[in-house]
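Remarks on the structure that follows.
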Amino acid sequence: MRCPSGRQGRNAATLGGAFVTHQTVGHPGLPDDPRAAVAEPTPSCPVEITLDVLRGRWMTLVVRELLREDRSFTELRQALPVLSDKVLADRLAHLVQCGVVERRRQAGWPPRTQYALTPHGHRLGPVLQALWDWGNDL
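All residue numbers for the sequence shown refer to this note's numbering, where the first residue is 22 and numbers rise by one.
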């Protein structure tokens, strides 16, 4: 399942002195794909898909907490006290819609809901580590 993209407009940049609006990411270390040099981002670009999943403030911190262990909404709220309930609920709903997190309801009283990364969501661990390493080198 693909998550919806809220991106509008284009990113402007220069590349070798030429003005470019945006290109799907291409790199010698990445798979050679004829779609890698397009004028606009495409929904099928794996980098764009990943960035769409992680879009939004605090998203990486929510994923980080779920990489540590499955958590309830209350546990996530305690681990990330700067997030409002609305923002946390929005981030979790986005991750569930993208297939990165699953929401598990447990029987009993009071009702309890656990959030857990799917196997696909667990694959974001090395991605976040690479982003951390890259940002740490700046």
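We put the beta carbon where it would ideally sit given N, CA and C, even for glycine.
Based on the DSSP secondary-structure assignment, which residues constitute the bridge partners of residue i?
i: Arg125; result: Gln135
i: Arg92; result: Tyr136
In angstroms, rounded to a whole number, what distance separates the CA positions of residue i and residue j?
i: Asn157; j: Ala151; result: 10 Å
i: Thr42; j: Thr95; result: Annotation note: pLDDT 39 at Thr42 (below 50); position unreliable, coordinate value reported separately. Looking at the two C-alpha atoms, the distance is approximately 42 Å.
i: Gln44; j: Glu61; result: Interpretation of Gln44 is limited by its pLDDT of 45, a score under 50 that renders its predicted location unreliable; the figure taken from the coordinates is listed afterwards. In a straight line, the C-alpha of Gln44 is about 6 Å away from that of Glu61.
i: Leu109; j: Gly129; result: 24 Å
i: Trp153; j: Pro131; result: 38 Å
i: Val68; j: Leu75; result: 11 Å
If you count every other CB in all the chains shown that lies within 10 Å of the CB of residue i, and 16 or more means buried, which is it?
i: His115; result: buried
i: Leu159; result: exposed
i: Val122; result: buried
i: Arg92; result: buried
Quick one, which of the options has its alpha-carbon nearest residue i's?
i: Cys119; options: Arg126, Gly142, Leu109 and Ser105; result: Gly142
i: Val83; options: Lys107, Glu69, Ala100 and Arg144; result: Ala100
i: Gly90; options: Leu138, Arg98 and Pro64; result: Before going on, a small fix: residue 90 reads as Glu here, not Gly. Considering only alpha carbons, the answer is Leu138.
i: Glu86; options: Arg78, Gly77, Leu97 and Arg76; result: Leu97
i: Asp73; options: Gln127, Arg112 and Lys107; result: Arg112
i: Pro102; options: Arg126, Trp79 and Gln135; result: Trp79
i: Val117; options: Asp106, Arg144 and Tyr136; result: Tyr136
Step through the CB atoms of chain C and report whether any lies within less than 7 Å of the CB of residue i.
i: Trp130; result: The displayed structure is made up of one protein chain only, and chain C is not part of it.
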